[in-house]
Amino acid sequence: MPTYTVINPATEQPVRIVPSTSAQETDAAIERAAAAQVSWRATAPGERAALLRAFAAEVGAHTEELAALEVAGSGHPIGAARWEAGQVRDVLAYYAGAPERAFGRQIPVAGGLDVTFAEPLGVVGLIVPWNFPMPILSWGLAPALAAGNTVVAKPAEMTPLTAIRIGELALAAGLPEGVFQVLPGKGSVVGQRLVDHELVRKIVFTGSTEVGSKLMADCARQVKRVTLELGGKSANIVFADADLEQAAATAPYAVFDNAGQDCCARSRILVERSVFDRFMELLEPAVLGVAVGDPGDPGTEMGPLISAEHRDRVASYVPDGAPVAFRGQAPAGPGYWYPPTVLAPVGADDPAFTEEVFGPVVTVVPVEDEAEAIRIANDTPYGLSGSIWTRDIGRALRVARAVETGNLSVNSHASVRYWTPFGGFKQSGLGRELGPDALDAFTEVKNVFIATK
Ligand code: NAD
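Residues are numbered in my numbering as their position in the sequence shown, beginning at 1, plus a constant of 3.
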């Protein structure tokens, strides 16, 4: 049987050998999910809600265990990993409120009654990337289950451990067999079967734009519903009137979070030219102050990259002679470490400025004015995240409306909350996750007219 050895990115030591699911096993799991969906959708809304609450509580009772698995299997700092496990609990609890509120409408018609129902789709396939194995799993899982679908999830090959454990916790919480299954394995095998199998009625894919666009074309053959959460190359725009101290102090966390392996990484900092030098003076100590090291240490803010191969890819954006303005520290010895690195000045065609690096590398460029900031921010095929720093509320709103991106923060680097919508413009994706309307992506409206005469 083919297997995959999960490696600890901080030590390069093996953590666990995980069996890789075959295409035949994937088909069998999809058939189990379809069979389980019949009774799951018929389960009384209050009972489904109670089961989701129990699932949330079970995850909550195992946050430390899940966090430790993410530290070992993905190299996430323990503080971040605890937050990520807590996010799974909170997202499940939030959508546990949904089954009892999946209202339809009553629409006035002559000669009868017209009502709508929000019907579940059937089996939903979740395809998850390696960068945030827990939160991203929960963003699709919780609303899909709440709406009455069953779920087959495929974690990324490199980071399956927490998803496998969350699958066990679902059963321990009382979810019936087949309602939520986790299939570790290859994208080209398990992922592709989820995409191709006719009983899977929706795919939620989070990953690269390259794989996402191929998968969208494959889904089109069966007119299969799809939500895509893809790559990003987001801008952090700092105007001269901003609180520069705060903007500079938080800029590293907007891009180096999860060692830059973050779709929302604001890896282009655009600074109004009149304050560029001052901003760089303030940014340097903030970057040098990022605590990089042992992910198990509660003081650590940034861990290693996921693999040696990925580190090589990140390093290729900083070739010999690259304009390194300053860079932080990284441990020597085993582990896929890469220091937080600031590039300035960079040319407009520098790949570090135009491509998604997915590592702790940020470019800083001066801009003349608001119009140029907007033009450069939008000069990318992506549109996922972004930040704007200014004390001028009118400008904040003007720029927020003009930047073609799905999630913006003003005078803050925090961009994701599970109770607000999340998703991308342009090639950063299709559809929205999270927030109060997330169930819409996991249901179809059915309209029924009942004659009264
Ligand atoms: P990836 O596209 O290589 O893989 C993502 C998932 O798809 C993995 O589980 C992989 O096994 C699977 N897969 C690969 N080929 C497949 C196929 N042919 N059919 C079905 N599934 C297949 O991406 P990655 O390297 O794991 O993740 C990094 C990317 O994800 C970055 O571009 C990042 O920006 C993006 N991302 C986006 C968001 C978001 O919410 N927009 C969040 C996190 C990551």
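C-beta: ideal position from N, C-alpha, C; glycine also. It should be emphasised that the depicted structure is a prediction, and the values quoted were computed from it without experimental measurement.
Exercise. Can you pull the DSSP bridge partners for residue 17?
Worked result: Per DSSP, the beta bridge partners of residue 17 are 10.
For this session: Kindly list the residues whose CB is nearer than 6 Å to the CB of residue 138, restricted to its own chain and excluding five residues on each side of it in sequence; keep chain order.
Result: Take residue 138, set aside five residues on each side of it, and the residues of its chain with a beta-carbon closer than 6 Å to its own are 87 and 90, in chain order.
Exercise. What are the partner residues of residue 205, as DSSP defines its beta bridges?
Worked result: DSSP lists 127 and 228 as partners of residue 205.
Problem set entry | Opposing strand residues paired with residue 449 [DSSP bridges] | Residue 449 pairs with 120.
For this session: Could you tell me if the beta carbon of residue 431 falls within a distance shorter than 7 Å of some heavy atom in the ligand NAD?
Result: Taking the Cβ of residue 431 as the reference point, at least one heavy atom of the ligand NAD falls within a distance shorter than 7 Å.
Exercise. What is the DSSP secondary structure of residue 272, counted as helix, strand or coil?
Worked result: In this structure, residue 272 counts as strand in the three-state DSSP scheme.
Exercise. What are the boundary residues of the beta strand (DSSP E) that residue 290 is part of?
Worked result: No beta strand (DSSP E) contains residue 290, which is instead part of the alpha helix (DSSP H) from 279–291.
Exercise. Within the chosen definition, does the stretch 199–211 reach the stretch 112–129 through at least 3 CB pairs nearer than 8 Å?
Worked result: Short answer: they touch.
Exercise. Leaving out five residues before and five after residue 1 in sequence, what residues of the same chain have Cβ atoms less than 7 Å from its Cβ?
Worked result: Absent from the structure is residue 1, since the part of the chain shown begins at 4 and ends at 456.
For this session: Mind reading off the beta-carbon distance from residue 123 to residue 228? Whole number of angstroms is fine, and I expect it under 8 Å.
Result: For residue 123 against residue 228, the beta-carbon gap comes to about 12 Å, at or over 8 Å, which does not count as contact.
Exercise. Are residue 276 and residue 369 touching if we call contact CB-CB under 8 Å?
Worked result: Yes. Within cutoff.
Exercise. Alpha carbon to alpha carbon, how far is residue 421 from residue 165?
Worked result: Taking the straight line joining both Cα atoms gives about 19 Å.
Exercise. Which of the three DSSP states, helix, strand or coil, is assigned to residue 43?
Worked result: It is helical.
Problem set entry | CA nearest to the CA of residue 354, picked from 292, 18, 270 and 153 | Ranking 292, 18, 270 and 153 by CA distance to the CA of residue 354 puts 270 first.
For this session: Count the CB pairs spanning the stretch 297–305 and the stretch 73–87 that are closer than 8 Å, and state whether there are at least three.
Result: A contact exists between the stretch 297–305 and the stretch 73–87.
Exercise. Taking residue 266 as the reference, which of 148, 186, 240 and 131 has the closest Cα?
Worked result: Looking at the Cα atoms, 131 is the closest of the given residues.
Problem set entry | Given 8 Å, three or more beta-carbon pairs between the stretch 233–247 and the stretch 305–315 | Taking 8 Å as the limit for Cβ pairs, the verdict is that the stretch 305–315 does not touch the stretch 233–247.
For this session: Check residue 84 in the structure and name its three-state DSSP category.
Result: Reduced to three states, the DSSP call for residue 84 is helix.
For this session: Please confirm whether any heavy atom of the ligand NAD lies closer than 7 Å to the CB of residue 159.
Result: Residue 159: yes, Cβ under 7 Å from the ligand NAD.
Exercise. For residue 102, does the three-state DSSP call read helix, strand or coil?
Worked result: Here residue 102 sits in helix by DSSP.
Exercise. So, helix, strand or coil for residue 389, using DSSP?
Worked result: In the structure shown, residue 389 sits in a strand (DSSP, three-state: E or B).
Problem set entry | Three-way DSSP call (helix, strand, coil) for residue 379 in this model | Helix.
Exercise. Would you say the beta carbon of residue 133 comes nearer than 7 Å to a heavy atom of the ligand NAD?
Worked result: Yes, the Cβ of residue 133 comes within 7 Å of a heavy atom of the ligand NAD.
For this session: Identify every residue that forms a DSSP beta bridge with residue 433.
Result: Paired residue(s): 231.
For this session: Compare the beta carbon distance of residue 427 and residue 233 with 8 Å and say whether it is the shorter of the two.
Result: Yes; because the gap between Cβ atoms is below 8 Å, this pair is in contact.
For this session: Out of 292, 408 and 364, point me to the one whose CA is closest to residue 378's CA.
Result: Among 292, 408 and 364, the Cα nearest to that of residue 378 belongs to 408.
Problem set entry | residue 436 burial status per 10 Å Cβ neighbour count (16 or more: buried) | By the C-beta density criterion, residue 436 is buried, having at least 16 other C-beta atoms within 10 angstroms.
For this session: Tell me whether residue 217 counts as near the ligand NAD, meaning its Cβ is closer than 7 Å to at least one heavy atom of that ligand.
Result: At a cut-off of 7 Å, the beta-carbon of residue 217 counts as near the ligand NAD: some heavy atom of the ligand is closer than that.
Problem set entry | residue 207 vs residue 452 beta-carbon contact at 8 Å | No; because the gap between Cβ atoms is not below 8 Å, this pair is not in contact.
Problem set entry | Integer-rounded CB distance, given that residue 245 should sit under 8 Å from residue 394 | Indeed they touch by this definition, with Cβ atoms about 6 Å apart.
Problem set entry | Candidates 455, 146 and 429: closest to residue 215 by CA position | Checked all of 455, 146 and 429; the closest Cα to residue 215 is 429.
Problem set entry | Close beta carbons around residue 289, own chain, < 7 Å, minus the five adjacent residues each side | Answer for residue 289: 251, 252, 254 and 255, listed in chain order.
Problem set entry | Candidates 143, 248 and 6, of which the one nearest residue 441 by Cα | When each option's Cα is compared against that of residue 441, the closest is 143.
Exercise. With 16 as the cutoff for other CB atoms within 10 Å, does residue 418 come out buried or exposed?
Worked result: That one is buried.
Problem set entry | Cross-strand partners of residue 183 (DSSP beta bridge) | In the DSSP output, where bridge partners are listed per residue, residue 183 has 154.
Problem set entry | Rounded distance between the beta-carbons of residue 283 and residue 363, thought under 8 Å | Between residue 283 and residue 363 the Cβ distance is about 17 Å, and since that is not below 8 Å, they are no contact.
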